[in-house]
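Engineer: The numbering used here puts the first residue of the sequence shown at 56, with every later residue one more than the last. The beta-carbon is built from N, C-alpha and C at its ideal position, and this holds for glycine as well. Treat the numbers as computed from the prediction; the structure is a model and nothing was measured.
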Amino acid sequence: MTGRGSPHSTKSRASSDRGKRCAGKSGVILFGSFAEGRAVPGSDLDIMIVLARDERPFPEWVSAYHAYFSDIGIGVDLFPYTVSELSNPLARRAAEKGPLLFSR
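1. Please report the distance separating the alpha-carbon of P154 from that of R108.
2. Quick check on DSSP: helix, strand or coil for F89?
3. Helix or strand or just coil, what does DSSP make of K152?
4. DSSP three-state label for P144, please.
5. Identify every residue that forms a DSSP beta bridge with V105.
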């Protein structure tokens, strides 16, 4: 159940609020089971952070941005991509189908 006021929608809103505080990003997109209305108890949030650019190696991006979502009470999988990497199949699908939570 992901309707307005449900625990899942409350957690999605909390992740959106935290996503807005992630420095250096140009967009935050929710995708996966929550975005598609298929979330069940135990589902995690799949969040793509679109970065204008970032010089750090991929594993460092995940660690840096995960800190913003670590205490919302639900698992979060982060997928940071630079704008130039949006041709990646996962990034392209998320950008096409997932709701945009934040854009700069």
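Structural biologist: Quick look at the numbers:
1. Their backbone Cα atoms lie some 21 Å apart in a straight line.
2. Looking at F89 - three-state DSSP - the assignment turns out to be coil, as it is neither helix nor strand.
3. In the structure shown, K152 adopts helical secondary structure according to DSSP, grouped into three states.
4. Looking at P144 - three-state DSSP - the assignment turns out to be helix.
5. G82 and Y136, per the DSSP bridge assignment.
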